[in-house]
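S.K.: Have a look at this one.
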Amino acid sequence: MPQQEKQAWFVLSVVAITLGAYLAFTLAVRFDPSSARVFALSALLGLPFFKHRGQEITYDERDRRIARQALLLSLRVLLVLVVLLPLATGYARGWTTSIPLWVVIQAVWASALTIWGVKALVMVALYHRGTND
Amino acid sequence: MTEGLAIKNHIRRLRFEHGEMTQDQLAKQAAVTRHTIMALEANKYVPSLLLAFRIARAFGVPLEDVFEFDGATDVGQRP
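Take a look at the structure:
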């Protein structure tokens with residue numbers, strides 16, 4: 001398995017664990033500012049696992065092409081969410097509603113998770129399906 | 134999807150015809166990873182022009198002996 005694909009699987013598992021922990025914590029304490037602690041805790045716990053343990057990773061043209069396609073697709077997904085979510089919020093809560101700052105901060109973290117998760121998922125799919133362009 | 138690629142290759146056959154070259158040996162000569170050679174042989178990847186020339190040079194044969202254009206499966210041909 002290429003190193004980049006292994007990284008993609010690792011990122012997918014991190015995103016899944018973070019989302020699972022966030023949902024579990026949110027259900028327990030309800031959706032309030034304290035649920036943001038899950039993101040901070042996950043980030044702190046995950047830092048040691050992002051070290052490559054001194055292993056040098058080589059990316060060749062196929063790895064770079066797959067990474068580029070995956071990033072483009074993840075940014076397109078984010079763009080759709082950035083457009084759709086405010087529209088949905090406006091229709092649901094009114095166009096003059098106010099959004100708490102902690103909700104905005106969690107939305108930023110959710111956006112980062114979306115980019116990482118979609119990119120990793122697309123990379124895994126492209127490694128298995130093949131890239132035809 | 135391995136079907137429908139417009140460019141086919143004969144890398145696997147050429148490797149065996151050239152002293153049973155391993156995928157790793159070819160990868161080193163072409164400056165790519167072994168996984169890319171595997172993907173090429175499985176028709177899961179279309180190489181760049183530069184990589185195609187490097188592979189042909191590794192075998193010491195013309196480009197057309199390594200890669201073949203399959204016009205029947207090329208979706209680019211539109212009236």
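Those sequence lines, one after another, are chains A and B. So that you can map any letter, position 55 of the first sequence is 55 in our numbering, and since no number is skipped, the others follow by simple counting. So that you can map any letter, position 54 of the second sequence is 187 in our numbering, and since no number is skipped, the others follow by simple counting. C-beta atoms are modelled at their ideal positions from N, C-alpha and C, and glycine is treated no differently.
#1: Kindly give me the distance between the Cβ atoms of Ser-74 of chain A and Ile-115 of chain A, rounded to whole angstroms, as I take these residues to be in contact under 8 Å.
#2: Grab me the residues of Leu-126 of chain A's own chain with a C-beta within less than 8 Å of its C-beta, minus the 5 sequence neighbours each way, in chain order.
#3: Name the two residues that bound the continuous beta strand (DSSP E) containing Ile-140 of chain B.
#4: For Gly-152 of chain B and Ala-175 of chain B, what's the separation of their Cα atoms in angstroms?
#5: Buried or exposed: which applies to Val-108 of chain A, given that a residue is buried once 16 or more other Cβ atoms fall within 10 Å of its Cβ?
#6: Using the C-alpha atoms, what's the distance from Pro-100 of chain A back to Thr-89 of chain A?
#7: Tell me which residues share the same chain as Glu-201 of chain B and place their Cβ nearer than 8 Å to its Cβ, disregarding the 5 neighbours each side in the sequence.
#8: Mark Lys-177 of chain B as exposed unless 16 or more other C-beta atoms lie within 10 angstroms of its C-beta, in which case mark it buried.
#9: Output needed in chain order: residues of the stretch 180 to 195 of chain B with a Cβ under 7 Å from some Cβ in chain A.
#10: Could you check whether Arg-146 of chain B and Gln-156 of chain B sit closer than 9 Å to each other, using their CB atoms as the reference points?
#11: Which parts of the stretch 139 to 199 of chain B are runs of the alpha helix (DSSP H), unbroken and 4 residues or longer, counting only runs that do not cross its ends?
#12: Closest to Val-77 of chain A by C-alpha separation, out of A:Leu-41, A:Thr-58, A:Glu-61 and A:Val-118, would be which residue?
#13: Measure the alpha-carbon distance for Leu-182 of chain B versus Leu-196 of chain B and round it to whole angstroms.
#14: Find out if the Cβ-Cβ distance for the pair Leu-121 of chain A, Leu-12 of chain A is shorter than 9 Å.
#15: Using the three-state DSSP reduction, which class does Thr-96 of chain A fall into: helix, strand or coil?
#16: Quick one: measure Cβ to Cβ for Val-15 of chain A and Leu-113 of chain A, integer angstroms, because I've assumed they're closer than 8 Å.
#17: With a cut-off of 9 Å, does the C-beta of Gly-54 of chain A fall near any C-beta of chain B?
M.R.: On the basis of the data shown:
#1: Taking the first sequence and counting its residues from 1, the one referred to as residue 74 of chain A is at position 74. Taking the first sequence and counting its residues from 1, the one referred to as residue 115 of chain A is at position 115. That belief holds up - the Cβ atoms of Ser-74 of chain A and Ile-115 of chain A are roughly 5 Å apart, short of 8 Å.
#2: As a working mapping, residue 126 of chain A is identified with position 126 in the first sequence. Excluding residues within five positions, the ones whose Cβ falls inside 8 Å are Ile-66, Gln-69 and Ala-70.
#3: If you number the second sequence from 1, residue 140 of chain B lands on position 7. From DSSP, the beta strand (DSSP E) with Ile-140 of chain B extends over 140 to 142.
#4: The residue labelled residue 152 of chain B in the question sits at position 19 within the second sequence. The residue labelled residue 175 of chain B in the question sits at position 42 within the second sequence. Note on geometry: alpha-carbon atoms of Gly-152 of chain B and Ala-175 of chain B lie some 21 Å from one another.
#5: Indexing the first sequence from 1 puts residue 108 of chain A at position 108. Its Cβ having fewer than 16 others within 10 Å, Val-108 of chain A is exposed.
#6: Here residue 89 of chain A is taken as the residue at index 89 of the first sequence, counted from 1. Here residue 100 of chain A is taken as the residue at index 100 of the first sequence, counted from 1. Cα-Cα distance, rounded: 13 Å.
#7: To locate residue 201 of chain B, count along the second sequence from 1; it is residue 68. Around Glu-201 of chain B, the same chain offers Ile-140, Lys-141, Asn-142 and His-143 as residues with beta carbons nearer than 8 Å, after the five sequence neighbours per side are excluded.
#8: The residue labelled residue 177 of chain B in the question sits at position 44 within the second sequence. Around the Cβ of Lys-177 of chain B, a 10 Å sphere holds 16 or more other Cβ atoms; the residue is buried.
#9: Within the stretch 180 to 195 of chain B, the qualifying residues are Ser-181 and Leu-184.
#10: Within the second sequence, numbered from 1, the residue matching residue 156 of chain B stands at position 23. Within the second sequence, numbered from 1, the residue matching residue 146 of chain B stands at position 13. Result no, Cβ atoms of Gln-156 of chain B and Arg-146 of chain B do not sit closer than 9 Å.
#11: Counting whole runs of 4 or more residues, the stretch 139 to 199 of chain B contains the alpha helix (DSSP H) stretches 144 to 150, 156 to 163, 167 to 174, 182 to 192 and 196 to 199.
#12: In the first sequence, the residue the question calls residue 77 of chain A occupies position 77. The residue from A:Leu-41, A:Thr-58, A:Glu-61 and A:Val-118 with its alpha-carbon nearest to that of Val-77 of chain A is A:Val-118.
#13: Translated into positions along the second sequence, residue 182 of chain B becomes position 49. Translated into positions along the second sequence, residue 196 of chain B becomes position 63. In this model, Leu-182 of chain B and Leu-196 of chain B are separated by some 10 Å (Cα to Cα).
#14: For the purposes of this step, residue 121 of chain A is taken as the residue at position 121 of the first sequence. For the purposes of this step, residue 12 of chain A is taken as the residue at position 12 of the first sequence. Taking 9 Å as the Cβ cut-off, Leu-121 of chain A and Leu-12 of chain A qualify as a contacting pair.
#15: Sequence index remark: in the first sequence, residue 96 of chain A carries index 96 (1-based). In the three-state reduction of the DSSP assignment, Thr-96 of chain A falls in the coil class, being assigned neither a helical nor a strand state.
#16: For this step, residue 15 of chain A is matched to residue 15 along the first sequence. For this step, residue 113 of chain A is matched to residue 113 along the first sequence. That belief holds up - the Cβ atoms of Val-15 of chain A and Leu-113 of chain A are roughly 5 Å apart, short of 8 Å.
#17: Residue mapping note: residue 54 of chain A aligns to position 54 of the first sequence, counting from 1. Here the model assigns Gly-54 of chain A a pLDDT of 49, short of 50, so the residue's position is not dependable, and the following value carries that caveat. For Gly-54 of chain A, the answer is no, since every Cβ of chain B falls outside 9 Å of its Cβ.
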